[in-house]
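Asker: Below are the structure tokens for one structure; questions will follow.
So, in structure tokens, the structure goes:
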């Protein structure tokens with residue numbers, strides 16, 4: 001069963017009725033468990049066999065409303081958010097989702113009891129898609145079950161994923177922070193301050209958000225003719241090596257782009273141990289949000305609340321027009337000026353040492 005977009009849609013009661021050779025009302029009575037209905041056992045078995053063959057999943061709320069929309073939007077997270085939701089990376093996304101749902105007169109359903117007992121959050125339980133009590137759902141999380149995402153897409157259930165996730169054969173829509181452009185902008189900012197020799201310091205984590213940052217960095221370095229001989233750039237090696245630190249110490253490398261605040265802090269400590277300061281000797285930019293850190297790093301900020309709002313708008317569009325193209329949306333990140341980038345003239349070794357706390361001077 002496919003719709004006009006060529007995508008498989010979810011089975012309907014009418015499909016079950018056609019396969020079983022019965023009326024749709026008979027299917028409805030069997031599904032509802034109507035004990036008073038006089039349906040022969042053989043007919044009942046044909047209906048149940050057809051349900052199993054088609055993978056039909058009854059939606060109890062939709063049945064009660066006779067096909068009308070529920071005005072419920074689901075939120076499914078692949079990682080637990082509570083009790084530390086306010087400190088969570090996802091908190092601002094959830095605020096945006098809640099704000100926009102209220103403005104559009106929708107209620108939210110948070111799917112939080114779909115665990116498999118091992119800590120993983122699942123969409124399907126006992127082969128049943130629990131999200132179907134909502135008209136559509138916003139999905140978010142770093143480590144989704146990609147087989148479930150593919151299945152959800154091919155069944156035709158309306159959903160959007162916050163953050164880019166790639167699943168072969170299932171081009172579902174994502175609301176994507178534009179890390180590529182932000183990373184490239186950070187490189188250009190350093191370039192505009194006179195830096196021509198960089199070191200890239202990677203995290204050991206893989207995934208699409210990191211791929212996008214790395215692609216943006218690589219494209220800008222190549223375009224601008226910047227020299228980067230660091231292991232993080234040439235061989236995808238993670239961590240901060242002594243060779244990179246030696247380059248900072250002898251002045252052959254004047255700028256570092258690092259993937260996380262954790263690495264930035266480690267770099268600051270190790271530079272301090274060598275008598276070097278940020279940005280007096282080395283300029284540093286961070287490819288993530290460091291708001292609230294002890295150092296005002298030059299970094300990028302994800303418009304998380306805005307992304308949550310966009311996700312709701314896109315989801316409602318999909319629910320209202322099931323045959324509309326389901327395309328991903330890129331959302332620009334903000335590159336924020338801090339206190340850790342200086343001109344290359346200031347970054348040349350001048351015998352200056354870091355302050356007692358190693359902070360930028």
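In full-length UniProt numbering, the protein residues as written are 1 to 361.
Where a beta carbon is used, it is the ideal one built from N, C-alpha and C, also for glycine.
Hey, residue 44 and residue 30: beta-carbon distance below 8 Å or not?
Answerer: Cβ distance < 8 Å, so residue 44 and residue 30 count as in contact.
Asker: Would you identify the three-state DSSP class for residue 334, choosing helix, strand or coil?
Answerer: Three-state result, residue 334: strand.
Asker: Going by C-alpha distance, which of 177, 150, 55 is nearest residue 126?
Answerer: Measuring from the Cα of residue 126, the nearest candidate turns out to be 55.
Asker: Please report the distance separating the alpha-carbon of residue 160 from that of residue 197.
Answerer: Cα to Cα, residue 160 sits roughly 40 Å from residue 197.
Asker: Would residue 261 be called buried (16 or more neighbouring beta carbons within 10 Å of its own) or exposed?
Answerer: Under this definition residue 261 is a buried residue.
Asker: State the Cα-Cα distance for the pair residue 266 and residue 241, rounded to the nearest angstrom.
Answerer: Going from the Cα of residue 266 to the Cα of residue 241 covers about 11 Å.
Asker: Work out the CA separation of residue 15 and residue 299 for me, nearest whole Å.
Answerer: Rounded to the nearest angstrom, the two C-alpha atoms are 53 Å apart.
Asker: Helix, strand or coil for residue 362 per DSSP?
Answerer: Residue numbering for the chain in the displayed model covers 1 to 361; residue 362 lies beyond these limits and cannot be assessed.
Asker: Out of 342, 165, 152, which one is the CA nearest neighbour of residue 140?
Answerer: Closest option to residue 140, Cα to Cα, is 165.
Asker: Where does residue 154 fall in DSSP's three states?
Answerer: Residue 154: helix per DSSP, three-state reduction.
Asker: Go ahead and pull the three-state DSSP assignment for residue 240.
Answerer: The answer is coil: DSSP assigns residue 240 none of H, G, I, E or B.
Asker: Pull up the distance between the alpha-carbon of residue 222 and that of residue 182, whole angstroms please.
Answerer: Whole-angstrom Cα-Cα distance: 16 Å.
Asker: How would you call residue 51, buried or exposed, if buried means at least 16 neighbouring beta carbons within 10 angstroms?
Answerer: Flag for residue 51 reads buried.
Asker: What is the rounded straight-line gap between the Cα of residue 75 and the Cα of residue 167?
Answerer: Looking at the two C-alpha atoms, the distance is approximately 20 Å.
Asker: From 334, 344, 329, pick the residue whose C-alpha is nearest to that of residue 171; which is it?
Answerer: Of the listed residues, the one whose Cα sits closest to residue 171 is 329.
Asker: List the endpoints of the continuous alpha helix (DSSP H) containing residue 268.
Answerer: Unbroken alpha helix (DSSP H) run through residue 268: 261-273.
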